[in-house]
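>
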Amino acid sequence: KNEVEQSPQNLTAQEGEFITINCSYSVGISALHWLQQHPGGGIVSLFMLSSGKKKHGRLIATINIQEKHSSLHITASHPRDSAVYICAVRSLTTGNQFYFGTGTSLTVIP
Amino acid sequence: NAGVTQTPKFQVLKTGQSMTLQCAQDMNHEYMSWYRQDPGMGLRLIHYSVGAGITDQGEVPNGYNVSRSTTEDFPLRLLSAAPSQTSVYFCASSRDSNYGYTFGSGTRLTVV
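Respectively, the protein sequence lines represent chains A and B. Per my numbering: the first sequence = residues 1057 to 1166. Per my numbering: the second sequence = residues 5 to 116.
1) Could you tell me the alpha carbon to alpha carbon distance between residue 1075/A and residue 1110/A, rounded to whole angstroms?
2) Can you tell me which residues form a DSSP beta bridge with residue 1092/A?
3) Out of 1114/A, 1122/A, 1112/A, state which residue places its alpha-carbon closest to the alpha-carbon of residue 1106/A.
4) What does DSSP give as the partner residue(s) for residue 14/B in the beta ladder?
5) Any beta-carbon of chain B closer than 7 Å to the one on residue 1099/A?
6) What in chain B is Cβ-close to residue 1116/A, meaning under 9 Å?
7) Beta strand (DSSP E) containing residue 55/B: first to last residue?
8) Any C-beta of chain B within less than 8 Å: which residues of the stretch 1152-1164 of chain A qualify?
9) Kindly identify the DSSP beta-bridge partner or partners of residue 1073/A.
10) Within its chain, find whatever has a CB closer than 6 Å to the CB of residue 105/B; leave out the 5 residues flanking it on each side and keep chain order.
11) Using CA coordinates, which residue listed in 58/B, 63/B, 94/B is at the minimum distance from residue 73/B?
12) Please confirm if residue 78/B has its CB atom under 7 Å from at least one CB of chain A.
13) So residue 107/B and residue 94/B are supposed to be a Cβ contact under 8 Å. How far apart are they, rounded?
14) Taking three-plus beta-carbon pairs below 8 Å as touching, is the stretch 1082-1095 of chain A in contact with the stretch 1144-1161 of chain A?
15) Buried or exposed: which applies to residue 86/B, given that a residue is buried once 16 or more other Cβ atoms fall within 10 Å of its Cβ?
16) Tell me, please, whether the stretch 30-37 of chain B touches the stretch 49-56 of chain B by the rule of three or more beta-carbon pairs shorter than 8 Å.
17) Could you confirm whether any beta carbon from chain E is found closer than 7 Å to the beta carbon of residue 67/B?
18) Can you have a look at residue 51/B and say buried or exposed, based on whether 16 or more other CB atoms are within 10 angstroms of its CB?
19) Between residue 26/B and residue 76/B, what straight-line distance do the alpha-carbon atoms span, to the nearest angstrom?
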């Protein structure tokens, strides 16, 4: 049983395309994080959300608490966006426990 | 500003050996945590700390010990390594659990 499910698992896009990665979770949460893991293995925190929407450059993250769903959008995708995108949620009941999705592997082709 | 520093980057251990994975941060973050990442599985929380002298177990704590004697350092100890502990380990820190995280570059551990 996975508390966090991401879709799709793998995604290939042409440069310039609009990309959406989805995250659904089954536990009550106090916050949701989107992380980016580069091919070299390093992990970068992109967003932390507890409601609504956040934007940073070409990246947009939204969350719907009632539907237990979040999306990460990339506008005008670029080959440098190729990475694994990971959704993580912080449990509401066990406040310091995090649950992670298995990631979405994105490849953007020039 | 170095961020989160993990050492070593790579390690091979024999079954039964012990070792310590080091994690240090220079951002005065209170919250630090250790994760392991295995193929086909998401990151899993091993142990975490909300401040010096305070540690607690995560999802997969068995076989690992931690301590937090200073704000800066949060070492992870494997007392008797097993092949099941072959994984990539990440340390992360945050101002507190309401903020974004800074991750270390990871330690790839192989137990033979």
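Virtual Cβ for every residue (Gly too), placed ideally from N, Cα, C. Bear in mind the structure is a predicted one, so any value in this text is a computation, not a measurement.
Once the coordinates are examined:
1) Within the first sequence, numbered from 1, the residue matching residue 1075/A stands at position 19. Within the first sequence, numbered from 1, the residue matching residue 1110/A stands at position 54. Rounded to the nearest angstrom, the two C-alpha atoms are 16 Å apart.
2) If you number the first sequence from 1, residue 1092/A lands on position 36. Bridge partners of residue 1092/A: 1100/A, 1141/A.
3) Translated into the one-based positions of the first sequence, residue 1106/A becomes position 50. Residue 1122/A holds the alpha-carbon nearest to the alpha-carbon of residue 1106/A among 1114/A, 1122/A, 1112/A.
4) What you label residue 14/B is simply residue 10 of the second sequence in a count that begins at 1. 112/B, per the DSSP bridge assignment.
5) Within the first sequence, numbered from 1, the residue matching residue 1099/A stands at position 43. Taking a beta-carbon distance threshold of 7 Å, residue 1099/A counts as an interface residue toward chain B.
6) On the first sequence, position 60 is the one that residue 1116/A refers to. None at all; the shortest Cβ gap to chain B is about 16 Å.
7) What you label residue 55/B is simply residue 51 of the second sequence in a count that begins at 1. Going by DSSP, residue 55/B is part of the beta strand (DSSP E) stretching over 48-55.
8) Taking 8 Å as the Cβ-Cβ cut-off against chain B, the residues of the stretch 1152-1164 of chain A that qualify are 1152, 1153, 1154, 1155, 1156, 1157, 1158, 1159.
9) Locating residue 1073/A in the first sequence gives position 17, counting from the first residue. Answer by DSSP bridge pairing: none, since residue 1073/A is not bridged.
10) Mapped onto the second sequence, residue 105/B falls at position 101. Closer than 6 Å at Cβ, skipping near neighbours: 96, 98.
11) Translated into positions along the second sequence, residue 73/B becomes position 69. When each option's Cα is compared against that of residue 73/B, the closest is 58/B.
12) In the second sequence, residue 78/B corresponds to position 74, counting from 1. No, no contact with chain A.
13) In the second sequence, residue 107/B corresponds to position 103, counting from 1. In the second sequence, residue 94/B corresponds to position 90, counting from 1. At roughly 5 Å, the Cβ-Cβ gap stays under 8 Å, so residue 107/B and residue 94/B are in contact.
14) The stretch 1082-1095 of chain A makes contact with the stretch 1144-1161 of chain A, as at least three CB pairs between them are under 8 Å.
15) For the purposes of this step, residue 86/B is taken as residue 82 along the second sequence, with counting starting at 1. With fewer than 16 other Cβ atoms within 10 Å, it is exposed.
16) Remark: three or more beta-carbon pairs, one from each stretch, lie closer than 8 Å, so the stretch 30-37 of chain B and the stretch 49-56 of chain B are flagged as touching.
17) Of the protein chains in the structure, A and B, none is chain E.
18) In the second sequence, residue 51/B corresponds to position 47, counting from 1. Its Cβ being crowded by 16 or more others within 10 Å, residue 51/B is buried.
19) What you label residue 26/B is simply residue 22 of the second sequence in a count that begins at 1. What you label residue 76/B is simply residue 72 of the second sequence in a count that begins at 1. Their backbone Cα atoms lie some 11 Å apart in a straight line.
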